[in-house]
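*Asks:* Mind looking over this structure? Questions follow.
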Amino acid sequence: MPSKWNFGTIGLKLATILGFLFIHIPIFIIIMYAFSTDEKTFQFPLPGFTFKWFGVAWDRNDIWEAIILSSQVATISTILAIILGTLACLAVYRSKFFGREVISFLVILPIALPGIVTGISLRSAMSLFGIPFSTWTIVIAHATFCIVTVYNNVLARLRRSSHSMVEASMDLGANPWQTFRFVILPNIATALLAGGMLSFALSFDEVIVTTFTAGQQSTVPIWMLTEFIRPRQRPVTNVVAVFVILVTTIPILVAYYLTKEDEGGKK
Amino acid sequence: MTNALDKFFTFLFYRKGLAIFLLLAPLLIWLGVVYLGSLFTLLIQSFFSIDSFSGVIKREFTLESYYDLFRQSTNWDIIIRTTTMAFTVTVVSAIIAFPIAYYMAMYAGPKLKPVLYLGVMLPLWSSYLVKVYSWKLIMAKEGILTWCLQELGLLHLLDVILSIPVIGGTSLSFSYIGMFLVFVYIWLPYMILPIQASLERIPKSLLEASSDLGGGPAQTFRKVVLPLAFPGVVAGSIFTFSLTLGDYIIPTIIGNSSYFIGMAVYTHQGTAGNIPLAAAFSMIPIIIMMVYLMIAKRLGAFDAL
Numbered sequence: 108m109p110s111k112w113n114f115g116t117i118g119l120k121l122a123t124i125l126g127f128l129f130i131h132i133p134i135f136i137i138i139m140y141a142f143s144t145d146e147k148t149f150q151f152p153l154p155g156f157t158f159k160w161f162g163v164a165w166d167r168n169d170i171w172e173a174i175i176l177s178s179q180v181a182t183i184s185t186i187l188a189i190i191l192g193t194l195a196c197l198a199v200y201r202s203k204f205f206g207r208e209v210i211s212f213l214v215i216l217p218i219a220l221p222g223i224v225t226g227i228s229l230r231s232a233m234s235l236f237g238i239p240f241s242t243w244t245i246v247i248a249h250a251t252f253c254i255v256t257v258y259n260n261v262l263a264r265l266r267r268s269s270h271s272m273v274e275a276s277m278d279l280g281a282n283p284w285q286t287f288r289f290v291i292l293p294n295i296a297t298a299l300l301a302g303g304m305l306s307f308a309l310s311f312d313e314v315i316v317t318t319f320t321a322g323q324q325s326t327v328p329i330w331m332l333t334e335f336i337r338p339r340q341r342p343v344t345n346v347v348a349v350f351v352i353l354v355t356t357i358p359i360l361v362a363y364y365l366t367k368e369d370e371g372g373k374k
Numbered sequence: 124m125t126n127a128l129d130k131f132f133t134f135l136f137y138r139k140g141l142a143i144f145l146l147l148a149p150l151l152i153w154l155g156v157v158y159l160g161s162l163f164t165l166l167i168q169s170f171f172s173i174d175s176f177s178g179v180i181k182r183e184f185t186l187e188s189y190y191d192l193f194r195q196s197t198n199w200d201i202i203i204r205t206t207t208m209a210f211t212v213t214v215v216s217a218i219i220a221f222p223i224a225y226y227m228a229m230y231a232g233p234k235l236k237p238v239l240y241l242g243v244m245l246p247l248w249s250s251y252l253v254k255v256y257s258w259k260l261i262m263a264k265e266g267i268l269t270w271c272l273q274e275l276g277l278l279h280l281l282d283v284i285l286s287i288p289v290i291g292g293t294s295l296s297f298s299y300i301g302m303f304l305v306f307v308y309i310w311l312p313y314m315i316l317p318i319q320a321s322l323e324r325i326p327k328s329l330l331e332a333s334s335d336l337g338g339g340p341a342q343t344f345r346k347v348v349l350p351l352a353f354p355g356v357v358a359g360s361i362f363t364f365s366l367t368l369g370d371y372i373i374p375t376i377i378g379n380s381s382y383f384i385g386m387a388v389y390t391h392q393g394t395a396g397n398i399p400l401a402a403a404f405s406m407i408p409i410i411i412m413m414v415y416l417m418i419a420k421r422l423g424a425f426d427a428l
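Protein chains in written order, with this note's numbering: chain A, 108 to 374; chain B, 124 to 428.
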């Protein structure tokens with residue numbers, strides 16, 4: 108940068124620091140409140156420090172049920188998203204056919220439209236066709252918006268890896284299945300894992316579409332939402348919030364490191 | 124068995140069209156039938172009507188729901204309130220995001236850059252509900268914000284802000300200002316990243332050329348950087364606008380219980396059981412977003428995504 112450009116650097120730095128504080132501090136505040144002895148209000152400074160609420164949360168069955176349901180939904184949706192997304196990627200990558208843009212648009216649509224639209228349209232279709240609400244209706248909804256994370260990750264990786272390896276494999280007498288299994292799959296493995304991780308985090312956290320497609324059951328976000336509106340034990344909600352932060356943050360960090368390495372040199 | 128599979132794959136290998144079709148079919152069936160089908164069902168349902176006595180949905184084509192929707196002035200209020208909020212949130216997010224994105228793209232060194240990038244990515248992806256909830260803690264009457272202002276001796280300032288008509292309220296967590304703050308907080312990362320991406324793509328040589336030709340920093344910024352970064356701003360605005368338009372959690376948890384489009388849709392389909400009206404209502408964000416996306420495409424935002 109030419110030195111001329113330094114005129115506003117201090118202001119710029121300050122704006123960046125303030126901006127980062129703004130987007131990060133609230134998350135730390137939640138973590139802090141999980142250790143508060145205060146039971147009824149959101150008093151600050153905290154009156155005391157305790158681990159008690161972690162124990163209380165551990166003993167609550169409704170929390171466990173929500174966690175189990177969320178994990179099931181996220182796992183199945185992720186697997187479905189991986190299968191659907193990867194197959195489509197292989198087709199799109201190998202050929203320049205007319206519908207390529209259409210596919211990308213179709214995949215991004217469920218997250219581009221407001222969640223409420225996705226939610227109500229799936230719900231109205233389900234009720235119109237008399238499909239009873241269950242774990243599976245949640246899975247259908249979640250897989251729909253999870254495909255995009257897998258699709259984007261895998262397609263980006265396929266575009267970066269060269270096609271000559273596939274040709275070499277074919278020349279050496281491998282059949283298409285062997286080529287996929289031993290050449291393409293190892294190449295896209297980390298991208299698949301990254302996409303899957305993001306998809307899991309996305310599903311584990313989704314609330315708007317879930318409220319429309321769940322019946323009586325509650326996933327972790329639905330459980331939290333009910334607690335916000337009608338609180339029973341406020342500190343327990345804080346503990347669950349910390350748990351959710353961990354469950355969504357760790358996959359994102361892992362996904363970041365998995366996709367970062369191929370940006371460097373490998374081509 | 125494996126032999127049969129081998130034969131099958133080899134068979135497919137020589138029929139590229141069929142192979143591509145088979146690879147794409149699952150996704151097309153899923154998104155084309157399940158998702159687009161659902162959207163289409165929603166559109167159809169918006170043309171049904173509900174019998175006001177029995178509450179049964181009449182499956183005949185009518186514009187009754189749309190008539191109901193536009194007849195009531197409260198619905199207009201909801202639409203105007205939601206779009207105004209979405210617009211304000213978008214503009215303010217862009218203003219806050221730009222210097223951050225600018226710093227990330229132009230000044231941050233190779234060590235700092237990934238750290239900053241991750242610092243924006245993490246809040247973007249981490250739990251939406253938890254983030255909304257944290258603001259409930261922050262803005263509560265006995266909470267951290269009140270404490271800070273008290274320590275700084277600025278508590279009366281908060282009272283002044285809250286006493287502003289329309290946007291004020293009894294406390295921060297029951298006012299438009301509070302709601303606005305939370306919206307900006309939640310969507311800000313969605314604005315930073317596209318702007319940063321578009322700034323990053325500006326060739327440094329262009330900046331040098333501008334200064335060689337005698338353009339001062341301010342001039343270079345206005346004539347070179349801003350026009351090239353603008354598609355990124357528009358791309359970011361797609362997210363902030365669309366997400367605010369459809370959100371109903373933030374107005375439910377924080378705010379003075381005045382309705383937003385999302386809440387209206389939710390109530391009409393749930394409590395009131397009036398799916399046709401809810402469907403008609405949800406056509407509004409769809410149409411607004413379609414118009415918005417068309418304008419955004421014109422402005423070149425799609426290349427910046």
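Glycine is no exception: its CB is placed at the ideal position from the N, C-alpha and C atoms.
Using only the heavy atoms of the ligand ZN, determine whether one of them is closer than 7 Å to the beta carbon of Glu334/A.
*Replies:* What this structure holds is no ligand at all, so the ligand ZN is not there to describe.
*Asks:* Give me the residue from Pro358/A, Val347/A and Gly118/A with the minimum Cα distance to Ile170/A.
*Replies:* Val347/A
*Asks:* When you compare only the Cα positions, how much space is there between Ala308/A and Ser249/B?
*Replies:* 8 Å
*Asks:* How many angstroms separate the CA atom of Tyr190/B from the CA atom of Gly192/A?
*Replies:* 41 Å
*Asks:* Can you give me the C-alpha to C-alpha distance between Gly118/A and Phe221/B, rounded to a whole angstrom?
*Replies:* Approximately 12 Å between the Cα atoms of the pair.
*Asks:* Comparing C-alpha positions only, which one of Tyr158/B, Ser365/B and Phe404/B sits nearest to Val307/B?
*Replies:* Here the closest residue by C-alpha is Ser365/B.
*Asks:* Where DSSP assigns a beta bridge to Ser143/A, which residues make up the other side?
*Replies:* Phe156/A
*Asks:* For Ser231/A and chain B, any beta-carbon pair shorter than 8 Å?
*Replies:* yes
*Asks:* Using a Cβ cut-off of 7 Å, which residues of the region 261-294 of chain B contact any Cβ in chain A, in chain order?
*Replies:* Listed by position along the chain: Ile261, Ala263, Glu265, Gly266, Ile267 and Trp270.
*Asks:* Thinking just about the alpha-carbon of each residue, which of Ser310/A, Leu220/A and Leu197/A is nearest to the one in Ala181/A?
*Replies:* Ser310/A
*Asks:* What number of angstroms, rounded off, separates the C-alpha of Leu316/B from the C-alpha of Lys236/B?
*Replies:* 12 Å
*Asks:* Using C-beta distances below 6 Å, list every residue in its chain close to Thr225/A, excluding the 5 sequence neighbours before and after it, in chain order.
*Replies:* Once the five neighbours on either side are set aside, the close Cβ partners of Thr225/A are Pro217 and Val316.
*Asks:* State the Cα-Cα distance for the pair Gly126/A and Val305/B, rounded to the nearest angstrom.
*Replies:* 14 Å
*Asks:* Kindly give me the distance between the Cβ atoms of Leu260/B and Ile136/A, rounded to whole angstroms, as I take these residues to be in contact under 8 Å.
*Replies:* 6 Å
*Asks:* Can you pull the chain E residues whose beta carbon is under 7 Å from the beta carbon of Pro222/B, in chain order?
*Replies:* Chain labels in this structure do not include chain E; the protein chains are A and B.
*Asks:* Is there a C-beta anywhere in chain A that falls below 8 Å from the one on Ser249/B?
*Replies:* yes
*Asks:* Could you say which of Lys181/B, Thr164/B and Phe383/B lies nearest to Asn198/B if we only look at CA atoms?
*Replies:* The option with the nearest alpha carbon to Asn198/B is Phe383/B.
*Asks:* Classify Lys254/B as buried or exposed, calling it buried when 16 or more other Cβ atoms lie within 10 Å of its own Cβ.
*Replies:* buried
*Asks:* If we require 4 or more residues per run, which alpha helix (DSSP H) segments fall completely within the region 339-397 of chain B?
*Replies:* 340-343, 349-369, 372-376 and 384-392
*Asks:* Could you run through the region 363-393 of chain B and flag, in chain order, every residue whose CB is less than 8 Å away from some CB of chain A?
*Replies:* Ser365, Leu366, Leu368, Gly369, Asp370, Tyr371, Ile372, Thr375, Ile376, Ile384, Gly385, Val388, Tyr389 and Gln392
*Asks:* Figure out for me which residue from Ile410/B, Gly276/B and Met302/B has the closest Cα to the Cα of Ala263/B.
*Replies:* Of the candidates Ile410/B, Gly276/B and Met302/B, the one whose C-alpha sits nearest the C-alpha of Ala263/B is Met302/B.
*Asks:* What residue ranges within the region 271-330 of chain A form continuous alpha helix (DSSP H) runs of no fewer than 4 residues, ordered along the chain?
*Replies:* 271-278, 283-286, 292-312 and 315-320
*Asks:* Which chain B residues are close to Ser228/A, counting only those with a beta carbon under 7 Å from its beta carbon?
*Replies:* Neighbours of Ser228/A across chain B, judged by C-beta separation under 7 Å: Ser161, Leu162, Thr164 and Leu165.
*Asks:* Take Pro354/B as the anchor and find which of Ile309/B, Lys420/B, Gln392/B and Tyr371/B has the nearest alpha-carbon.
*Replies:* Lys420/B
*Asks:* Run down chain B in chain order and give the residues with a C-beta less than 9 Å from the C-beta of Thr148/A.
*Replies:* Ala263, Lys264, Glu265 and Gly266
*Asks:* Could you work out which residues of chain B lie near Met331/A, taking near to mean beta carbons separated by less than 9 Å?
*Replies:* Ser250, Leu252, Val253 and Tyr256
*Asks:* Using 8 Å as the limit for Cβ to Cβ distance, is Ala376/A near chain B?
*Replies:* The requested residue 376/A does not occur in the structure, where chain A is confined to residues 108 to 374.
*Asks:* Considering only the beta carbon of each residue, do Gln168/B and Ile398/B sit closer than 8 Å?
*Replies:* yes
*Asks:* Residues in the same chain with beta-carbon distance under 7 Å from Arg204/B, minus the five sequence neighbours each way, listed in chain order, please.
*Replies:* Hits under 7 Å: Ser381 and Phe383.
*Asks:* Roughly how many whole angstroms lie between the Cα atoms of Gln150/A and Gly266/B?
*Replies:* 5 Å
*Asks:* If you pair each beta-carbon of the region 239-249 of chain A with each one of the region 313-330 of chain A, do three or more pairs fall below 8 Å?
*Replies:* yes
*Asks:* List the residues of chain A that Ser405/B touches, going by C-beta distances under 7 Å, in chain order.
*Replies:* Ile223, Val224 and Ile227, listed in chain order.
*Asks:* Is there at least one Cβ from chain A nearer than 8 Å to Phe429/B's Cβ?
*Replies:* Beyond the ends of chain B as shown, which are 124 and 428, falls residue 429/B; an answer cannot be given.
*Asks:* By a C-beta neighbour count over all protein chains shown, 10 Å radius and 16 as the cutoff for buried, is Cys271/B buried or exposed?
*Replies:* Exposed, by the Cβ-count rule.
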